[in-house]
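Let me begin by presenting the structure, written as structure tokens, before commenting on it.
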Amino acid sequence: MASEYDDGPRGDASRGWDDRWLRLKWRVMDGVLELKGALPSGLFRSRRNGLGYAFLLPGVVLVGFLFAGMVLLLQYSFLTYDPYEFIIYEYTLENWVEALTNDAFRTVFLRTLKLSLVVTVLSVVFGFPYAYLTVRAESELLRKSLLAGVFVPFFTGTIVRAYGWLIILGKRGLVNSVATGLGTGRVDVFGTETAVVIGLFQLMLPFAILMLVPAIRTIDRSLERAAVSLGADRLRTFRYVVVPLSKPGITAASIVVFTISMANFAIPWFLGAGTVDFMANFIHSILLRSSNYPLASALSVALVMVTSTIVLAVFYFVGAGTMGLTVEEDTIQGGGGQ
Amino acid sequence: MTVSRWATGKVVRDHPFLSAIVALELVFLALPSLIVLVTSFSGGETLAFPPESLSVRWYAAIPGASDYIGAFANSIYAATLCTAIAVPAGVLTAIGLIRYDVRFKNLTQVYLLLPFTVPLVVSGVILFIIFGRLGWLDNIWAVGLALAIINLPFMLWSVTSSVNGIDPSIENAAKSLGAEELQTFVHVTFPQILPGVVTGALLMFILGLNEFIVSLFITSSGIYTLPVQLYTSIRGNVSPLIAAVSSVYVLVAMLAIVVADRVVGLQRLLHS
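Chains as they are written, first to last, in the working numbering: chain A, 563 to 900; chain B, -2 to 269.
Structure, rendered in structure tokens:
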């Protein structure tokens, strides 16, 4: 790249082909610039102009599907359900009454909330040492192994991992064959909340670690050394220096793990054996089995409202963590730019 | 365990307790994928752990399993389309958001992260309804579009970290040396954001290949993507063929890590 505008004398041997290629590139660039000059010049002159908005357009259109969809969901949630026509355009509060008073719904909702919170705490607590060691590892091999240990499961996807856990925790799975082998009797973890928490914890741990690493990386090591030299032991250094300074990462990790857990479908489906359904399973069956669009919409809107209320509350009280996109935010770095 | 044997680093010696926990976590993280890999080499007719005998017969059966092959082709198509849509859209959006003086920047940001904040199952419901009204359901290209929509924030995070990292003085230097604005972009700005773009593209493809819940809503039999096909097959089916097909994902994941490490470095993946 550097030599492209280099007009100085060069060795004759390499000249011919290189020069012809360079001239072609220049000609193309000149052509483009000429074309640009022919366009109304106001388009490009200043930074405060339409071009920035034009750049945003593709992203805005893509997200527009979801935005329009949210509005549509809100409307659907007030329409009337009919077993034959599915939707009748008569406004009613029936779906919301159903959503708020139905016991089955409340049970599923509270279970989703409770288990998601458990998984969030587990993922952040156990993700922290992992992220810390990843950042502080001196050996390249160790750091890469730890990163690969996170990225391989992250890239393997929900279904395959749920399947793996099914083989391990299932009725005739690994755990039970080991238990019968040892003569300790069957371990009936399959179809329990414990099984769902184990599966979901393994699913979410990489997310927590990935959100924690950039935050821990910004901590100046000399602060830890200072604490140690002032007489703090490892645990205290961790408790009073490392953890408080990682707060943006802890916030981001908690939010990401919590919101993704709240919406999970596959783990409860495979490991819950129909008895530990989450909101996602519930909504899916209402929409696709009974085609009750209005009730499914009301439940979806309710899920969004509860999740975003909790997330906004965290943002409000703790700050946005490392989730922002632009540097203007107080705690920058969409995952830690340098 | 394994970690402490490899590492001669000081951190591990300084934090023995912490390192032991991390070693256990490493095993825990790898466990389901390892189990799937091991069972895929099972010689028997049904899933059993540990397998009674070892063979590659289930891998040999994959080419004949047309359901899975078709679903895999669908997944590749959808993931490719997702990448092709999300990468240019993400790059332009990130540049527009950061380098230009647009109004309502924070609001735009919140809006653009919507696919991440809306729970995936709700995105599934939404796209099921909207695509249903547009008559787009049961098209693989629609799956690709849906994947681009829901994964866009990951692309944005990946590119914005690069755009934020650009030192404006380098661009100014180029301009003061006589480079035109467009030349500056092509020769100075773009090469600097390229690692972020490559990382984002890799993420888009892998996430697209793995996406499950939204595809579940907007596809039906015949145009299933591989995760949905696996989902419909797994329950009540004990054939190790599923494990063999699933291992393809584990292998793809490992391959992606190696590629990422070679091309941009594993560290780089963290910036997204």
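Virtual Cβ for every residue (Gly too), placed ideally from N, Cα, C.
Values in this document were obtained by computation on a predicted structure and should not be read as measured data.
Can a CB atom of chain A be found closer than 8 angstroms to the CB of residue i?
{"i": "Glu49(B)", "result": "no"}
{"i": "Glu42(B)", "result": "no"}
{"i": "Ile239(B)", "result": "yes"}
{"i": "Lys172(B)", "result": "no"}
{"i": "Gly87(B)", "result": "yes"}
{"i": "Ser16(B)", "result": "yes"}
{"i": "Leu28(B)", "result": "yes"}
{"i": "Tyr108(B)", "result": "yes"}
{"i": "Ile127(B)", "result": "yes"}
{"i": "Leu104(B)", "result": "no"}
{"i": "Ala168(B)", "result": "Here residue 168(B) is Glu; the residue named in the question, Ala, does not match the sequence. No, Glu168(B) does not count as interfacial toward chain A."}
{"i": "Ile210(B)", "result": "yes"}
{"i": "Ala58(B)", "result": "no"}
{"i": "Val99(B)", "result": "yes"}
{"i": "Thr216(B)", "result": "no"}
Would you tell me roughly how many angstroms separate the C-alpha atoms of residue i and residue j, rounded to the nearest one?
{"i": "Lys676(A)", "j": "Ala858(A)", "result": "21 angstroms"}
{"i": "Asn163(B)", "j": "Glu656(A)", "result": "Looking at the sequence provided, one finds Ile at residue 163(B) rather than Asn. Spanning the two alpha carbons is a distance of roughly 54 angstroms."}
{"i": "Leu625(A)", "j": "Gly121(B)", "result": "Leu is not the amino acid found at residue 625(A); the sequence shown has Val there. Going by the C-alpha atoms only, they are around 14 angstroms apart."}
{"i": "Val622(A)", "j": "Ile649(A)", "result": "30 angstroms"}
{"i": "Lys733(A)", "j": "Arg723(A)", "result": "17 angstroms"}
{"i": "Val118(B)", "j": "Pro48(B)", "result": "36 angstroms"}
{"i": "Ile940(A)", "j": "Pro810(A)", "result": "The structure shown does not extend to residue 940(A), since chain A is modelled only from 563 to 900, so the question has no answer here."}
{"i": "Ser236(B)", "j": "Val818(A)", "result": "35 angstroms"}
{"i": "Val53(B)", "j": "Leu238(B)", "result": "10 angstroms"}
{"i": "Arg130(B)", "j": "Gly711(A)", "result": "43 angstroms"}
{"i": "Gln180(B)", "j": "Ile32(B)", "result": "53 angstroms"}
{"i": "Leu672(A)", "j": "Leu792(A)", "result": "47 angstroms"}
{"i": "Ala70(B)", "j": "Ala62(B)", "result": "13 angstroms"}
{"i": "Leu144(B)", "j": "Phe690(A)", "result": "30 angstroms"}
{"i": "Leu807(A)", "j": "Arg783(A)", "result": "11 angstroms"}
{"i": "Arg851(A)", "j": "Ser707(A)", "result": "44 angstroms"}
{"i": "Thr196(B)", "j": "Ser701(A)", "result": "24 angstroms"}
{"i": "Arg668(A)", "j": "Arg705(A)", "result": "44 angstroms"}
{"i": "Val8(B)", "j": "Ala699(A)", "result": "6 angstroms"}
{"i": "Tyr725(A)", "j": "Phe832(A)", "result": "7 angstroms"}
{"i": "Asn854(A)", "j": "Phe128(B)", "result": "17 angstroms"}
{"i": "Ala240(B)", "j": "Asp665(A)", "result": "38 angstroms"}
Step through the CB atoms of chain B and report whether any lies within less than 8 angstroms of the CB of residue i.
{"i": "Leu700(A)", "result": "Checking the displayed sequence, the identity of residue 700(A) turns out to be Glu instead of Leu. So yes, Glu700(A) belongs to the interface."}
{"i": "Met867(A)", "result": "no"}
{"i": "Leu605(A)", "result": "Note on Leu605(A): pLDDT 48, under 50, position unreliable in the model; no value is reported."}
{"i": "Trp583(A)", "result": "no"}
{"i": "Tyr651(A)", "result": "no"}
{"i": "Tyr692(A)", "result": "yes"}
{"i": "Arg796(A)", "result": "yes"}
{"i": "Val677(A)", "result": "As written in the sequence, residue 677(A) is Leu, which differs from the Val given in the question. No - not a single Cβ of chain B is within 8 angstroms of the one on Leu677(A)."}
{"i": "Gly793(A)", "result": "no"}
{"i": "Gly711(A)", "result": "yes"}
Inspect the beta-carbon positions of residue i and residue j and report whether they are closer than 8 angstroms.
{"i": "Leu762(A)", "j": "Val838(A)", "result": "no"}
{"i": "Phe827(A)", "j": "Ile210(B)", "result": "yes"}
{"i": "Pro150(B)", "j": "Leu865(A)", "result": "no"}
{"i": "Gly799(A)", "j": "Ser30(B)", "result": "Residue identity check: residue 799(A) is Thr in the sequence provided, not Gly. Not closer than 8 angstroms, so no."}
{"i": "Leu248(B)", "j": "Ala257(B)", "result": "no"}
{"i": "Leu28(B)", "j": "Phe38(B)", "result": "no"}
{"i": "Val686(A)", "j": "Ser816(A)", "result": "yes"}
{"i": "Leu223(B)", "j": "Tyr65(B)", "result": "yes"}
{"i": "Leu109(B)", "j": "Leu153(B)", "result": "yes"}
{"i": "Leu861(A)", "j": "Phe844(A)", "result": "yes"}
{"i": "Arg96(B)", "j": "Val160(B)", "result": "yes"}
{"i": "Thr80(B)", "j": "Gly193(B)", "result": "no"}
{"i": "Phe688(A)", "j": "Leu767(A)", "result": "yes"}
{"i": "Tyr692(A)", "j": "Val107(B)", "result": "no"}
{"i": "Pro856(A)", "j": "Tyr638(A)", "result": "yes"}
Check the DSSP bridge columns for residue i and list the partner residues they point to.
{"i": "Ser51(B)", "result": "Note that residue 51(B) corresponds to Leu in the displayed sequence, not to Ser. For Leu51(B), which the question treats as bridged, DSSP gives the partners Ser39(B)."}
{"i": "Ile721(A)", "result": "Answer is none; Ile721(A) lacks a bridge partner."}
{"i": "Ile650(A)", "result": "Thr642(A)"}
What are the start and end residues of the alpha helix (DSSP H) that includes residue i?
{"i": "Phe844(A)", "result": "Met841 to Leu850"}
{"i": "Ile190(B)", "result": "Phe187 to Asn207"}
{"i": "Gln221(B)", "result": "The identity of residue 221(B) in the sequence shown is Tyr, whereas the question assumes Gln. No alpha helix (DSSP H) holds Tyr221(B); DSSP gives it neither H nor E."}
{"i": "Phe505(A)", "result": "Outside the displayed range of chain A (563 to 900) lies residue 505(A), so it cannot be described from this structure."}
{"i": "Phe769(A)", "result": "Glu755 to Arg779"}
{"i": "Lys172(B)", "result": "Pro165 to Ser173"}
{"i": "Arg734(A)", "result": "Looking at the DSSP string, Arg734(A) is not in any alpha helix (DSSP H), and its letter there is neither H nor E."}
{"i": "Gly162(B)", "result": "Ile137 to Gly162"}
{"i": "Phe128(B)", "result": "Leu117 to Leu131"}
{"i": "Ala828(A)", "result": "Ala828 to Leu833"}
Considering residue i, what are the terminal residues of the beta strand (DSSP E) in which it resides?
{"i": "Asp98(B)", "result": "Taken as a continuous stretch (DSSP letters only), Asp98(B) belongs to no beta strand (DSSP E), as it is neither H nor E."}
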